[in-house]
Amino acid sequence: GQVFRLEDYRPSDYRITHTDLLFRLDPHATLVTAKLTVERRDGVAANAPLVLDGDGLVLESLGLNGAPLAGEGYTATPDRLEIRAVPAEKFFELEIVTKVSPVTNKALMGLYQSKGNYCTQCEAEGFRRITYYLDRPDNLSTFQVRIEARKAEAPVLLSNGNPVEHGDLADGWHYAVWHDPFPKPSYLFALVGGDLGSIHDTFTTASGRKVALGIYVEHGKEPLATYAMDALKRSMRWDEERFSREYDLDVFNIVAVSDFNMGAMENKGLNIFNDKYVLADPETATDVDYAGIEAVIAHEYFHNWTGNRITCRDWFQLCLKEGLTVYRDHEFSADQRSRPVKRIAEVRNLRSLQFPEDQGPLAHPVRPRRYKEINNFYTSTVYEKGSEVVRMIHTILGPEKFRAGMDLYFERHDGQAVTIEDFLACFAEVSGRDLTQFALWYHQAGTPRVTVTTSHDPATGDFEVNISQTVPPTPSEAVKKPMHIPLAFGLLGPNGDEMEMGSVEGAEVNDGVIHLTAASQTIRFRGVGSRPVLSLNRGFSAPIVLNQDLTKEDRLFLARHDSDLFNRWEALNSLFVEALIAAAAREKEGKPHDFDAALVEAAIEIAGNDGLEPAYRALALSLPSEADVAREIGNDVDPDAVRAARDALRREIGGKGRDAFRRIYDQHADSGPFSPDAASAGKRSLRNVLLDYLAAAEAAPELAALQFETANNMTDRAAALTVLAHQFPEHEATRKALAAFDARYRDNGLVMDKWFVVQATIPGAATLERVKSLTAHPAFSLMNPNRVRSLVGAFSSGNQTGFHRADGAGYQFLADIILSLDRHNPQVAARLATAFRSWRSMEEVRQLEARKALERINAEASLSRDVKDIVERTLA
Ligand code: B3K
Ligand code: ZN
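With positions in the sequence shown counted from 1, the corresponding number in full-length UniProt numbering is that position plus 5.
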């Protein structure tokens, strides 16, 4: 297949400066008339052909400057339109009529239907499935869109920008016209036509402009959109307060659809959302759902500046908008909720999704240099590591300079399509810092490994810290250069207080940050009276793997005393990981477990520590996942041993903490009406972590069954169901609960997703058969991406012992699903295929089985470019 390379970028010969679209909506035969104002760029030869992108298009007619174009003047295939008869003037108008079939579009790219409503998804290259176009992000055009539809079928007609006019037409048809004055690339185009309910509100911007807000949902679901509306208004205010970014159109609309390939899409003035990230009420949504809605609403809204007003020159620059916007939504959530809790959740997520990507065959730089299928680069490296890189700029520059850099970026590049170099130049300029070495974070893949040893000389008061870094080879680069790694730190004295230090040499150290820039450095702190404990990489200031020579006692000390709450969590977490790795090894040797009593004690102590917020305590008590442990083991992983180790540690802590846990569980019972706020959610999460321990300690499902029956909200109900299913899969209480849930929510796909996830992630070999039979459940459909992710995605990426069955049956099942899904939705099929990315870290028998499944997929002749790309890179 074709490879796209960063170094091959060149501007197009022509620009489309204005785009006038007319849609006549019909399920099978929507006519799209595009009138494009085309401009030849200066210096381009007058006879240079105009080449436009297409993807599976049916051309109805073509006109140039008002006259039909003769056949010899152009060549049209479904995927490309080349106009050779280009007029001599600098500007001309091209009229293209295409015909598309939304109802049969199951790839959910371009114009398609979801539950009978018309909607679009154009990023990255979906616009070319609607009409021939310069479908590249550096072509910025104003848009005017007229939509015509049967009024009964689609009373609501929306597009980007501001409404211009609407009215009735003959034969029961009607129309609406929208105009977007802000030049934008085609990937931000959107259209919606359907029979939808809506809620409305207004927002007055800091400068006093009134914006009409609307959220459109399935009829009857309007009350479930109120939390999203509230999150939207909070996002708009936050961006004004934090970054002085105001909204710029008269209207801002959000539409929720049920069939959507990813979370949501930031189309200018018309965000289209997976309904999972809009709809919530206590009866159907969990606290995690509420937090997800808040984050995604904010993320898409924030794109209006970071992505839309300033967009990407080409798709290699994807992190320019995504990493930055993730950073912005993380900061927003940290401000709305608890900053340390949010940070820990981010790091857990980074480690469980991005680290394995960065350490496996699909590793790529935050700004890749080549791709075969751009849709496969909407990865956690581009998004989450991309956000970490922006966070490091903040750490290195400090808040004021960072803000000045952002201000300069907005001022200098508003209305442009730019690159990572443009972005970094703003920060270099305001700070006077050379960011050349720092830029390696964008160019080198792989998670840096940092090794630290320390020594203290009581006689001289010198504290010496030796730090070295290596970046492992990845498919993108074999040899790496040392990076600029900002390590926030503190020295803890014997009483747990931060120690004062005298002079420092051997590295740039300022504002509590060590700047590691060489492959290895020795840093000497003078005037350190007694041996300190070094708290390093505070707040996870750099996305690295840190190997530090801390003793168990040091870690327990940090877990009790570190003023940095992230590192306090990290200390305990690393002890858990260590204990589980050792326990898994003993498990393989058939030896009994011998968990450290001090560790178990520390866990129990934290559960009852009222000085810490409940949400934090819940995170501290959540054992590392089986996948976390597998990743730390790194090779020759036996998932069954890991699972047995984890179950044993849970039993041990639960057993020893039983009475205390039960008391705390009862104390934190919800009183009064449900509220999704962070503090209430935190109490629920603490309680539900304790429920898991208590059930393990009692080896009995009664408490979970009781919680399931009496819960007044989905968070507690789903948590109880998870404990039942995961700890007592064959118990009558579990069967009853699963059946009751099914009976109650069968018609609500979003809620059934939870039911699918719970069952798909039941540990053990038997789950595969359960998942297979659930594919025949009436609520499941291979056509709906949310259902596929909940059942098949959760199984393959969230069930170590089920998916990685030693006999390979889990791998073969996934291969079957990928092959059949690939026929209609390559994007989602390719995403599922990434579950194979850690196959080489498994035991050899499992590796052989995984290879067989991958090769079977790869042998399919009609494989999509999307799946082919993932499978080839995974096998390479
Ligand atoms: N920009 C979209 C993602 C589009 C994915 C295309 N395959 C959502 C977001 O990141 O905000
Ligand atoms: Zn985004």
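Ideal placement from N, C-alpha and C gives every residue a C-beta, glycine not left out.
I want to know whether the segment 807-821 touches the segment 100-118 - three or more CB-CB distances under 8 Å. Touching, no, given that fewer than three Cβ pairs across the two stretches are closer than 8 Å.
Going straight from the alpha carbon of residue 782 to that of residue 701, what length do you get? If you number the sequence shown from 1, residue 782 lands on position 777. If you number the sequence shown from 1, residue 701 lands on position 696. In a straight line, the C-alpha of residue 782 is about 30 Å away from that of residue 701.
Going by the C-beta, is residue 266 closer than 8 Å to any heavy atom of the ligand B3K? Numbered from 1 along the sequence shown, position 261 holds the residue referred to as residue 266. Remark: the C-beta of residue 266 is in contact range of the ligand B3K, defined as less than 8 Å to any heavy atom.
Spell out the partners DSSP gives residue 198 in its beta bridges. Your numbering for residue 198 matches position 193 in the sequence shown. For residue 198, which the question treats as bridged, DSSP gives the partners 123 and 162.
DSSP bridge partner residues for residue 256 (one or two, in chain order): Here residue 256 refers to the residue found at position 251 of the sequence shown. Per DSSP, 217.
For residue 533, collect the residues of the same chain with a Cβ closer than 8 Å to its Cβ; drop the 5 residues on either side in sequence, then sort them by chain order. The residue given as residue 533 occupies position 528 in the sequence shown. Excluding sequence neighbours, residue 533 sits near 461, 466, 467, 468, 496, 504, 506 and 507.
May I ask you to check if the CB of residue 199 is nearer than 8 Å to at least one heavy atom of the ligand ZN? As a first step, residue 199 is located in the sequence shown; it is residue number 194 there, counting from the start. Because no heavy atom of the ligand ZN lies under 8 Å away, the Cβ of residue 199 does not count as near it: no.
What three-state label does DSSP hand residue 67 in the structure shown? Locating residue 67 in the sequence shown gives position 62, counting from the first residue. Correct three-state label for residue 67: strand.
Span of the beta strand (DSSP E) holding residue 454? For the purposes of this step, residue 454 is taken as the residue at position 449 of the sequence shown. Where residue 454 is concerned, the enclosing beta strand (DSSP E) stretches over 454-462.
Considering only heavy atoms of the ligand ZN and the C-beta of each residue, which residues fall inside 5 Å, strictly closer? 327 and 330
Taking the C-alpha atoms as reference points, what is the distance between residue 568 and residue 544? Counting from one through the sequence shown, the residue named residue 568 turns up at place 563. Counting from one through the sequence shown, the residue named residue 544 turns up at place 539. Cα to Cα, residue 568 sits roughly 11 Å from residue 544.
Going by the C-beta, is residue 271 closer than 8 Å to any heavy atom of the ligand B3K? The residue you call residue 271 lines up with position 266 of the sequence shown. Under cutoff, so the answer is yes.
According to the Cβ coordinates, are residue 598 and residue 635 closer than 9 Å? As a first step, residue 598 is located in the sequence shown; it is residue number 593 there, counting from the start. As a first step, residue 635 is located in the sequence shown; it is residue number 630 there, counting from the start. No, Cβ-Cβ distance for residue 598 and residue 635 is not below 9 Å.
For residue 391 and residue 312, believed in contact at Cβ under 8 Å, the rounded distance: To locate residue 312, count along the sequence shown from 1; it is residue 307. To locate residue 391, count along the sequence shown from 1; it is residue 386. Their Cβ separation, rounded to whole angstroms, is 12 Å, which puts residue 312 and residue 391 out of contact at 8 Å.
Shorter than 8 Å, the distance from the beta carbon of residue 791 to the closest heavy atom of the ligand B3K, or not? The residue labelled residue 791 in the question sits at position 786 within the sequence shown. The answer is no for residue 791.
Presumed contact (8 Å Cβ cut-off) between residue 230 and residue 284, rounded CB distance: Position 225 of the sequence shown, counted from the first residue, corresponds to residue 230. Position 279 of the sequence shown, counted from the first residue, corresponds to residue 284. About 7 Å separates the beta carbon of residue 230 from that of residue 284, a gap short enough to meet the 8 Å contact definition.
Quick check: is any heavy atom of the ligand B3K less than 8 Å from the C-beta of residue 703? Numbered from 1 along the sequence shown, position 698 holds the residue referred to as residue 703. No, the Cβ of residue 703 stays beyond 8 Å of every heavy atom of the ligand B3K.
Between residue 128 and the ligand B3K, is there a pair consisting of the residue's CB and a ligand heavy atom that are separated by less than 8 Å? Here residue 128 refers to the residue found at position 123 when the sequence shown is read from its first residue. Flag set: Cβ of residue 128 near the ligand B3K.
What I want to know is whether the C-beta of residue 304 ends up closer than 8 Å to one or more non-hydrogen atoms of the ligand B3K. Sequence index remark: in the sequence shown, residue 304 carries index 299 (1-based). Residue 304: yes, Cβ under 8 Å from the ligand B3K.
Give the DSSP bridge partners of residue 390, in chain order. Here residue 390 corresponds to residue number 385 of the sequence shown, with the count starting at 1. For residue 390, which the question treats as bridged, DSSP gives no partner whatsoever.
In terms of alpha-carbon separation, which member of 709, 621, 714 and 716 lies closest to residue 688? Taking the sequence shown and counting its residues from 1, one reaches residue 688 at position 683. Considering only alpha carbons, the answer is 621.
For residue 542, which residues from the same chain have a beta carbon less than 6 Å from its beta carbon, with the 5 sequence-adjacent residues on both sides left out? As a first step, residue 542 must be located in the sequence shown, where it is residue number 537. Within the same chain, residue 542 has close Cβ partners 492 and 551.
Do you know offhand how far residue 325's Cα is from residue 770's? Counting from 1 along the sequence shown, the entry for residue 325 is found at position 320. Counting from 1 along the sequence shown, the entry for residue 770 is found at position 765. Distance between the alpha carbons of residue 325 and residue 770 is about 42 Å.
So what does DSSP say about residue 488, is it helix, strand or coil? Within the sequence shown, the letter at position 483 stands for residue 488. Of the three classes helix, strand and coil, the one that applies to residue 488 here is coil, per DSSP.
Could you give the uninterrupted runs of the alpha helix (DSSP H) lying entirely in the segment 602-650, keeping only those of 4 residues or more? 602-612, 619-626 and 631-638
Alpha-carbon to alpha-carbon, residue 139 and residue 186: Position 181 of the sequence shown holds residue 186. Position 134 of the sequence shown holds residue 139. Distance between the alpha carbons of residue 186 and residue 139: 19 Å.
Quick one: does the C-beta of residue 312 sit closer than 8 Å to a heavy atom of the ligand B3K? Residue numbering aside, residue 312 sits at position 307 when the sequence shown is read from its first letter. Checking the Cβ of residue 312 against the ligand B3K gives yes.
For residue 709 versus residue 733, is the C-beta spacing smaller than 9 Å? Counted from its first residue, the sequence shown places residue 709 at position 704. Counted from its first residue, the sequence shown places residue 733 at position 728. It is a contact, given that the beta carbons lie within the stated cut-off.
Hey, residue 767 and residue 807: beta-carbon distance below 9 Å or not? The residue given as residue 767 occupies position 762 in the sequence shown. The residue given as residue 807 occupies position 802 in the sequence shown. Contact: yes.
Same chain only: Cβ atoms within 6 Å of residue 304, ignoring 5 sequence neighbours per side: For the purposes of this step, residue 304 is taken as residue 299 along the sequence shown, with counting starting at 1. Correct list, in chain order: 330 and 334.
Should the segment 251-261 be called in touch with the segment 269-281, which here means at least 3 C-beta pairs below 8 Å? yes
Is residue 830 near the ligand B3K, judged by its Cβ being under 8 Å from some heavy atom? Indexing the sequence shown from 1 puts residue 830 at position 825. Checking every heavy atom of the ligand B3K against the Cβ of residue 830, none is found closer than 8 Å.
Distance, residue 177 Cα to residue 157 Cα: For this step, residue 157 is matched to residue 152 along the sequence shown. For this step, residue 177 is matched to residue 172 along the sequence shown. Distance between the alpha carbons of residue 157 and residue 177: 7 Å.
Taking just the CA atoms, how far does residue 748 sit from residue 674? Reading the sequence shown from its first residue, position 669 is the one you call residue 674. Reading the sequence shown from its first residue, position 743 is the one you call residue 748. Inter-residue distance for residue 674 and residue 748 is about 27 Å (C-alpha atoms, whole angstroms).
Enumerated in chain order, which unbroken segments of the alpha helix (DSSP H) with a length of 4 residues or greater are wholly contained in the segment 762-793? 772-779 and 790-793
Identify the residues that DSSP records as bridge partners of residue 168: which are they? Your numbering for residue 168 matches position 163 in the sequence shown. Looking at the DSSP assignment, residue 168 forms a beta bridge with 183.
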